[in-house]
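Visitor: For reference, the structure I am asking about is given below.
Number of protein chains: 2
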Amino acid sequence: MKNFTFFNPTKIIFGQGTIGALKNEIPAGKKIMLVYGGGSIKKNGTYDEIMRALEGRQVEEFSGVEPNPTYETMMKCVEKVKATGCDFLLAAGGGSVIDGTKFVAAAALFEGDPWKILKTFGSCVKKALPFASVLTLPATGSEMNSGSVITRAEFKAKLPFKSDLVYPVFSVLDPMKTYTLPAKQVANGVVDSFVHIVEQYLTQPAHAEVQDRFAEGLLHVLIEQGPLALKEPENYEVRSNLMFAATMALNGLIGCGVPQDWSTHMIGHELTALYGLDHAVTLAIVLPGNLTLRKQLKHDKLLQFAQRVWEIKSGNDEHKISEAIKKTSEFFESLGVKTRLGDYNLGEEAIEKVVAQLKSHQMIKLGENGDVNLEVSRQILELCL
Amino acid sequence: MKNFTFFNPTKIIFGQGTIGALKNEIPAGKKIMLVYGGGSIKKNGTYDEIMRALEGRQVEEFSGVEPNPTYETMMKCVEKVKATGCDFLLAAGGGSVIDGTKFVAAAALFEGDPWKILKTFGSCVKKALPFASVLTLPATGSEMNSGSVITRAEFKAKLPFKSDLVYPVFSVLDPMKTYTLPAKQVANGVVDSFVHIVEQYLTQPAHAEVQDRFAEGLLHVLIEQGPLALKEPENYEVRSNLMFAATMALNGLIGCGVPQDWSTHMIGHELTALYGLDHAVTLAIVLPGNLTLRKQLKHDKLLQFAQRVWEIKSGNDEHKISEAIKKTSEFFESLGVKTRLGDYNLGEEAIEKVVAQLKSHQMIKLGENGDVNLEVSRQILELCL
Chain A
8 MKNFTFFNPT
18 KIIFGQGTIG
28 ALKNEIPAGK
38 KIMLVYGGGS
48 IKKNGTYDEI
58 MRALEGRQVE
68 EFSGVEPNPT
78 YETMMKCVEK
88 VKATGCDFLL
98 AAGGGSVIDG
108 TKFVAAAALF
118 EGDPWKILKT
128 FGSCVKKALP
138 FASVLTLPAT
148 GSEMNSGSVI
158 TRAEFKAKLP
168 FKSDLVYPVF
178 SVLDPMKTYT
188 LPAKQVANGV
198 VDSFVHIVEQ
208 YLTQPAHAEV
218 QDRFAEGLLH
228 VLIEQGPLAL
238 KEPENYEVRS
248 NLMFAATMAL
258 NGLIGCGVPQ
268 DWSTHMIGHE
278 LTALYGLDHA
288 VTLAIVLPGN
298 LTLRKQLKHD
308 KLLQFAQRVW
318 EIKSGNDEHK
328 ISEAIKKTSE
338 FFESLGVKTR
348 LGDYNLGEEA
358 IEKVVAQLKS
368 HQMIKLGENG
378 DVNLEVSRQI
388 LELCL
Chain B
8 MKNFTFFNPT
18 KIIFGQGTIG
28 ALKNEIPAGK
38 KIMLVYGGGS
48 IKKNGTYDEI
58 MRALEGRQVE
68 EFSGVEPNPT
78 YETMMKCVEK
88 VKATGCDFLL
98 AAGGGSVIDG
108 TKFVAAAALF
118 EGDPWKILKT
128 FGSCVKKALP
138 FASVLTLPAT
148 GSEMNSGSVI
158 TRAEFKAKLP
168 FKSDLVYPVF
178 SVLDPMKTYT
188 LPAKQVANGV
198 VDSFVHIVEQ
208 YLTQPAHAEV
218 QDRFAEGLLH
228 VLIEQGPLAL
238 KEPENYEVRS
248 NLMFAATMAL
258 NGLIGCGVPQ
268 DWSTHMIGHE
278 LTALYGLDHA
288 VTLAIVLPGN
298 LTLRKQLKHD
308 KLLQFAQRVW
318 EIKSGNDEHK
328 ISEAIKKTSE
338 FFESLGVKTR
348 LGDYNLGEEA
358 IEKVVAQLKS
368 HQMIKLGENG
378 DVNLEVSRQI
388 LELCL
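Order-wise, the sequence lines are chains A and B. Each residue of the first sequence is one higher than the last, beginning at 8 in the working numbering. Each residue of the second sequence is one higher than the last, beginning at 8 in the working numbering.
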C-alpha cells in the first residue's frame, strides 16, 4: 500500500424525511443561495421541502444549471452571489448542480480570472464559501468529495478541479427523492458509479486488501441493485443502497493508497464536450475498449475482478479476463446504456477530433502509469467503434 | 436501512515515515502534552521520531497510561494539563492511550466533577481540547472515532463515553511502528477488530448492502492477514492491511443505518474490571456463547456470515450457523487467544459477580433489541464456561 492521507469532513445526513435537517444544519444568520437545475426539484417535492425547512431564512435562488455545468452559466451564479451578498450556498440536484456549486463557492471568493481555477485544476484555490447539498441523483459522488468538473462551452473544454476547500459541509441524501428519476438517469448513475470504482480498482495490485474488498463490495451492490432500481422504482431499500454505494464509490476511501487510472474519464470528457453525450454514456463506451487494450498491464487486477466480482470460475486466466470485460459491457447494455460509438452515430472521424481535444488539454499522459499517450488513447477509441 | 448521520472529520495520515507530519499538522503556537503508556514508544523509536518532528515546540509529557486506562491515572494527567497550560494533546500508543487522552481532552475543560462525563456516557461534554494521535497498536479504532472507555479502579467500573468533540484532529498510522509489538498484542488487536465488526454486522438484516459488504470485506482481511502478521512480523503490507482494517472496523462507517449489538463488549468490560483480563480476551470468551445463545434472533445474518465470510457451502442452515460460530472460536484460538472462562481459571462464581456488576452499571437492556437482560447475560456466560 502506498502512503496516503484520507480526510473527508462532509457530514452525511441519510434517509427519508431528512431534508428538514437543513433548518438546524445551516448556521443561523447565513444568507443562502439555493442553486438548482431545470426544475425537477419542483416536480418531485424537493423544492417545497427545502423551502419549508428554510422558512424565515434569507434565501436567494439560482436555477438553470445544465447537465455538464458550464463555466458560462456558473459565472452568472457567481455574479448573483456577489450581488446579493449570499454567504452560504445550497446545491439541490445531482452531480452537475453540486459540481457547479463547488465552482461558484471557489470563484465567488477568487481574486483574478476564475478560469484559472480550472486551468490549475484547483491548486490556486485559497478560500471558498461554505456550501451544502441536497442530493436527488446518485451517481457522481460529488456530495461527499472535493472534486468538480466544469465545461467551458466556448472552448469545448471539460476540465476537472479539486480542492480541500470545496467539500460540502453536509449533504442530505433522501432516497425517496430519487423515485421520480427517469430510467435513463438511474441507469447512467449506476454506470457512472461503476466506472468510478473501476478507475480506482482495476490498475495494478498494491496489496491494499481493505480497499480492494470495499471496491468489490460496491461493485456487487451496483450489479445487484442497479437492475432492481429500474424494475422497482419505488423500492426504498434498493434506492437507499444505490444512493449510499454511489457516495462511497467516490469519497476518497477506496482510492486510499492505490494507483488510480481515470483515463476512461478523461477521454470520455472530450466526447461529452464535442458531441454532448451523457457523461455515463461516454464511460460505458470507453471503458471496455480501454480495459481490452491495456489488459496485459492490468492483468492481475482484471483476473481478481473476474473471480471476485463476476465470479467466473472456469477457463484460463485470459478467458476469465475477456469474460469479465464482456460481462461489464453486457451489464451496461442491460441497463439500457449502449456501449459503442456507432450506437451514437459516431465513427472514425470522431476519434481524430477527440485526440486533438486531448492534445489541446494536455491530456497526454493519462492512466495509472502516465502511459496513456495520444496514440494509446487513439487505439482505445478504435476499439470503441 | 435506517436513517443515519455519518460524520468523521479525523484526518488519517497513513504510511511509513509519516510521523514527521506532526511538524506541520499541529498548529503553531500550541503547547503540547504528549501522553503515552509504559514506554514501549521509547523502545521502538516512536518517541524519538515524535520529538524530532516537534523540535523547537513546547512539549510536556505524561506517561504511565495503563492498559484499560483508569480514571485515577487520567485525572493526574488532567491536573498536569491544567498546571502546565497545555492546549493540544498528542496521544502516542494504542487504544488505551488514545481513549485516556480523549477523556483528558474532555475533562480538562469540564466544569464540575469529571466523573459525570462517564456517568452520562459523554452527553454532558460541551467542549474539549483538540488532540491528535500516533497509533502504535491497531485494535480499537479509537484513532478515528469519538468513543472512549475508562476504568475507575476504586469502583471496579469500566464505562464508555462518546462525543463528537473528541474525534482526533488527525491520526498518524505508520505500520512499521507495529513491527515490535508482542505477538499477544497483535492477536488481541485482530480479535478486538473482529468483534467490533461483528457487533455491527451480526444483528438483524437491515437491507444495508454496502455496510454488509464492507463488514464482510474487513472480516476477510482480518482472517487472511491476522495469522500472517504473527508469522511475518516485519511484512509491511500485512501490517498495513491490519492497521487500516482495524481503523475502518470502528470509524462509524459500517455501523451506519444498521442495528448494533455491543452486548459482548458490555459483558466483557465487566470481566476486565473484575479480573483484569485483556479486553480482547473477554471478547473472545463472550462472543461465541453470545452468538450461540441468540442464534435464532440472529439467524439470517449468521447464515450470511457463514456463507459469505467463512464460505461454508454444505449442510443445512443450522449446520452452517454452528460451523460459522465454531470457526470463529477456532480462528481466535489459532491466534493464541483462548476462548473459555475456564482457560483463565474462572468458573461459576465469576458469572454471579459479572451479573451483579452489570446490574450496578444499569447494563440491563443490552443488545440490538435491548433484550439482553441480566438473565440473558447470565445464560450467555454459562455457555462461556
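Glycine included, C-beta positions come from ideal geometry on N, C-alpha and C. Remember, it's a predicted structure, so these values are computed and weren't measured experimentally.
For Pro137/B, which residues in the same chain have their Cβ closer than 7 Å to its Cβ, ignoring the five residues on either side in sequence?
Guide: Phe95, Val176
Visitor: Residue range of the beta strand (DSSP E) that Glu68/A falls in?
Guide: 65–69
Visitor: Give a yes or no on whether the C-beta atoms belonging to Val293/A and Thr271/A are separated by under 8 Å.
Guide: yes
Visitor: When you compare only the Cα positions, how much space is there between Thr147/B and Ala287/B?
Guide: Computed Cα separation, rounded: 10 Å.
Visitor: Quick one: which unbroken beta strand (DSSP E) runs of 3-plus residues sit fully inside the segment 33–61 of chain B? Chain order, please.
Guide: 38–43
Visitor: Using three-state DSSP, classify Ala256/B as helix, strand or coil.
Guide: helix
Visitor: Could you run through the segment 16–50 of chain B and flag, in chain order, every residue whose CB is less than 9 Å away from some CB of chain A?
Guide: Pro16, Thr17, Lys18, Ile19, Ile20, Phe21, Gly22, Gln23, Gly24, Thr25, Ala28
Visitor: Bridge partners for Arg159/A per DSSP, in chain order?
Guide: Ala164/A
Visitor: Beta-carbon of Lys133/B versus every beta-carbon of chain A: anything under 8 Å?
Guide: For Lys133/B, the answer is no, since every Cβ of chain A falls outside 8 Å of its Cβ.
Visitor: Taking its Cβ as the centre, do 16 or more other Cβ atoms sit within 10 Å of His227/B, making it buried, or is it exposed?
Guide: So His227/B ends up on the buried side.
Visitor: Output the distance between the C-alpha atoms of Thr143/B and Lys163/B, rounded to the nearest integer angstrom.
Guide: Using only the alpha carbons, I get a separation of about 27 Å.
Visitor: Can you give me the C-alpha to C-alpha distance between Pro16/B and Arg246/B, rounded to a whole angstrom?
Guide: Taking the straight line from one Cα to the other gives about 24 Å.
Visitor: Considering only C-alpha positions, which residue in the set Ala194/A, Ile371/A, Val132/A, Leu225/A is nearest to Thr346/A?
Guide: Ala194/A
Visitor: So is Arg59/B buried or exposed if we call it buried at 16+ other beta carbons inside 10 Å?
Guide: Arg59/B should be labelled exposed.
Visitor: For Gln364/B, count the other beta carbons within 10 Å of its own beta carbon; 16 or more makes it buried, fewer makes it exposed. Which is it?
Guide: buried
Visitor: Just the C-alpha distance for Asp350/A and Thr210/B, rounded to the nearest angstrom, thanks.
Guide: 47 Å
Visitor: Give the single residue among Pro212/B, Glu216/B, Ser384/B whose Cα lies nearest to the Cα of Leu225/A.
Guide: Glu216/B
Visitor: Just to confirm, are Lys83/A and Ala115/A a CB contact at a threshold of 8 Å?
Guide: In this structure, Lys83/A keeps its C-beta atom at 8 Å or more from the C-beta atom of Ala115/A.
Visitor: Would Ala256/A be called buried (16 or more neighbouring beta carbons within 10 Å of its own) or exposed?
Guide: buried
Visitor: Any residues in the segment 236–257 of chain A with a beta carbon nearer than 7 Å to a beta carbon of chain B? Which ones, in chain order?
Guide: Glu244, Ser247, Asn248, Phe251, Ala252, Met255
Visitor: Would you tell me roughly how many angstroms separate the C-alpha atoms of His276/B and Gly196/B, rounded to the nearest one?
Guide: 16 Å
Visitor: Beta-carbon within less than 8 Å of Gly107/A's beta-carbon, same chain only, minus the 5 sequence neighbours each way: which residues are those?
Guide: Val42, Val72, Pro76, Thr80, Met81, Cys84, Ala98, Ser155, Ile157
Visitor: So if DSSP puts Gly100/A in a beta bridge, which residue, or which two residues, is it bridged to?
Guide: Leu142/A
Visitor: Under the rule that 16 or more other beta-carbon atoms within 10 Å means buried, what is Asn258/A, buried or exposed?
Guide: Under this definition Asn258/A is a buried residue.
Visitor: Is it the case that the Cβ atoms of Gln23/B and Met183/B are separated by a distance below 8 Å?
Guide: For Gln23/B and Met183/B, yes; Cβs fall inside 8 Å.
Visitor: So Leu300/A packs on Leu309/A, CB below 8 Å; how close in whole Å?
Guide: Not really, about 12 Å apart at Cβ, beyond 8 Å.
Visitor: Does Asn248/B pass the burial test, meaning 16 or more other C-beta atoms within 10 Å, or should it be called exposed?
Guide: buried
Visitor: Pull up the distance between the alpha-carbon of Phe36/A and that of Leu290/B, whole angstroms please.
Guide: What sits at residue 36/A in the sequence shown is Gly, not Phe. Across the structure, Gly36/A and Leu290/B are spaced so that their CA atoms are roughly 49 Å apart.
Visitor: Measure the CB-CB distance between Ser170/B and Val132/B and report whether it falls below 8 Å.
Guide: Taking 8 Å as the Cβ cut-off, Ser170/B and Val132/B qualify as a contacting pair.
Visitor: For the beta strand (DSSP E) containing Thr12/A, name the first residue and the last one.
Guide: First-last of the beta strand (DSSP E) with Thr12/A: 11–13.
Visitor: May I ask you to report which of helix, strand or coil DSSP gives Ser170/A?
Guide: coil
Visitor: Buried or exposed for Pro145/A, please, with buried defined as at least 16 other CB atoms from any protein chain shown within 10 angstroms of its CB.
Guide: buried
Visitor: Report buried or exposed for Asp401/A, applying the criterion of at least 16 other Cβ atoms within 10 angstroms of its Cβ.
Guide: Outside the displayed span of chain A (8 to 392) sits residue 401/A, for which this structure offers no information.
Visitor: Could you list which residues in chain A have their beta carbon closer than 7 Å to that of Val228/B, in chain order?
Guide: Per Cβ cutoff of 7 Å: Glu216, Val217, Arg220.
Visitor: Going along chain A in order, which residues have a C-beta closer than 9 Å to the C-beta of Gly264/B?
Guide: Phe21, Gly22, Ser247, Phe251
Visitor: Counting only Cβ pairs nearer than 9 Å, list the residues of chain B close to Gln314/A.
Guide: Chain B residues near Gln314/A: none, gap ~13 Å exceeds 9 Å.
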